[in-house]
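UniProt numbering applies: residue 1 is where the sequence shown begins, and numbers increase by one.
Even for Gly, the Cβ is constructed at its ideal location relative to N, Cα and C.
All figures in this text were calculated on a predicted structure; none of them were measured in a lab.
Shown next, in structure tokens, is the structure this report addresses.
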Amino acid sequence: SAALKIIVDREREIQAFKPVEYYTIDTVFKKDLDAELVKFENQKIEKLTIQNPDRAKYIIENLQNEKFSVREIESKDRKIQPSPPFMTSTLQQSASNRLGFSPKKTMMIAQSLYEGVQTNEGFMGAITYMRTDSLNLAKEAVAAAREHILKNYGKEYLPAKAISYTTSSKGAQEAHEAIRPTNLNFTPQIAAKFLEKDALKLYTLIYNRFLACQMSACVSQTQNVYVASEKGEFKISGRKVLFDGFYKVYGELDKDKILPNLKKGDEMSLQSIKSTQNFTEPPARYSEAGLVKKLESLGIGRPSTYAPTISLLTSRDYVRIEKKQLIPNEIAFSMIGVLEEHFSNIVDSEFTSHLEEKLDEIALDKADWQKVLSDFYYPFMEKISAGKTGIKSLKTATPIGEKCPECG
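Here's what the structure looks like:
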């Protein structure tokens, strides 16, 4: 019910959304340099600053014949650290975003990889346990990864020390390791001889993510050139990768946008300047990966429950999936409406998260299970009793085309 409420609440936001009209000033300087207007007549220009066509026209008329020059150049190096190894939620999210797999499909394939596959070294489990909220890694696995990186990619790709990760999830049980390959010698290239297509895709994702988590950071350089006149100021942005680091094996780098050599005071001429009408967009519906991420951030659910939760909502027709979006059906609105009226705390995400925290405390012998149960059970049963008399049935009559045998 908490997951369904999240989906319904997002749909309510979309239905209540009212688009706002705004205009951007699309500008190109010499050498095809795209620029963003950041200031006009000493006013800072942000996304929604220009909200009518007359204002946009006025700005263009005042800037199109101005003389521009480089006012300032900023350069900054930035380190991009590798992502942690996979746990259940992040594996489901990445497999959805990168491979188009549903959480259910991801877990089915991961289960088969864990249970074992035929390899050139015999039958073996290809990955560690796939239902986990831990980011811990065995020391032997980390040592093997570092040896593999040094041998295959060189010392510049190997950090001075092994990288350790801790989960930020407040309810993490960390009973298992993170999800990783069990044998780095079983490379994706070798695995291709033994795994079917989708299993190979998921295994490659897990394999590369594990290697990458022990590799050096990527180093990129961003450059902002501020071009100004008496009335306005534009920003031209560029970027380039100085060292690819972990991107060597995992992830996709943005294409470099290298700027020409410019210096302060250089004159800049406009190639074109125009306005474009835009409208703000409503919040996006949740994808399966997005819902898993939301549930995890709220502390709702466990690695073993993310995929079944979505499957349950779709199998009972509360939710349908269209173009990878979770869309609530009419019965979902009715159901959540009733639950909000009669069981408001039960469908509240904070209540669900708090209850799961209490269950974790019981497992760690930090809370009395009888007290936790009684604190929940008796108020809950009172609401159930009240609901039996106060809630009208949501069932609808379906005509069958025949007369009633009792009344005709």
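Sequence-distant residues of its chain with Cβ nearer than 8 Å to residue i (five each side left out)
i	result
ALA144	LEU184
THR187	TYR207
LYS31	PRO260
TYR203	LEU113, ALA126, ILE127, PRO181, PRO188, ALA191 and LEU195
PHE279	PRO19, VAL20, GLU21 and TYR22
ILE73	GLN223, ASN224, VAL225, TYR226, LEU262, LYS263 and LYS264
HIS342	LYS383, ALA386, GLY387, GLY390 and ILE391
C-beta atoms of residue i and residue j nearer than 8 Å
i	j	result
GLY238	LEU211	no
ALA162	VAL142	yes
TYR226	ARG71	yes
SER96	PRO85	no
LYS76	THR222	yes
LYS248	TYR157	yes
CYS213	SER94	no
ASP256	LYS240	yes
LEU326	LEU295	no
LEU63	ILE236	no
GLY245	ALA217	yes
GLU66	SER229	yes
MET124	ALA110	no
DSSP state of residue i mapped onto helix, strand, coil
i	result
residue 410	The structure shown has nothing for residue 410, since the chain only spans 1 to 408.
ASN208	helix
GLN92	helix
residue 460	For residue 460 there is no data in the structure shown, the boundaries of the chain being 1 and 408.
ARG302	coil
THR187	coil
MET107	helix
ARG80	Before going on, a small fix: residue 80 reads as Ile here, not Arg. Here ILE80 sits in strand by DSSP.
ASP198	helix
LEU262	coil
PHE333	helix
LEU242	strand
GLU340	helix
GLU350	helix
LYS47	coil
LYS161	coil
Contact set for residue i: own chain, Cβ-Cβ below 7 Å, skip 5 residues either direction
i	result
ASN120	ILE190
SER353	LEU298, GLY299 and ILE300
ASN321	Just to set this straight, residue 321 is Ile in the shown sequence, not Asn. Result list for ILE321: THR314, in chain order.
Residue i - partner residues in DSSP beta bridges
i	result
ILE59	BP columns for ILE59 are empty, so no partner.
THR24	THR276
PRO181	ILE127
ALA228	SER69 and GLU233
ARG320	ILE327
GLU356	Paired residues: none, contrary to the question.
ASP34	VAL28
GLU267	SER69
PRO117	Contrary to the premise, residue 117 reads as Val rather than Pro in this sequence. Note: VAL117 sits in a beta bridge opposite MET124.
CYS218	ILE80
PHE17	Paired residues: none, contrary to the question.
GLN223	SER75 and GLY238
Whole-Å CB distance - residue i paired with residue j, under 8 Å assumed
i	j	result
PRO303	MET87	7 Å
ARG285	ARG10	6 Å
ALA332	LEU4	6 Å
ILE14	LEU91	About 28 Å separates the two Cβ atoms, so there is no contact after all.
ILE60	PHE40	That pair is no contact at about 10 Å.
ILE80	SER220	6 Å
Other residues of its chain near residue i: CB distance less than 6 Å, five sequence neighbours each side excluded
i	result
SER269	LYS30
PHE351	ASN345
THR389	none
Residue i: CB within 7 Å of a non-hydrogen atom of the ligand NAD
i	result
GLU36	The ligand NAD is not among the ligands present in this structure, which contains no ligands whatsoever.
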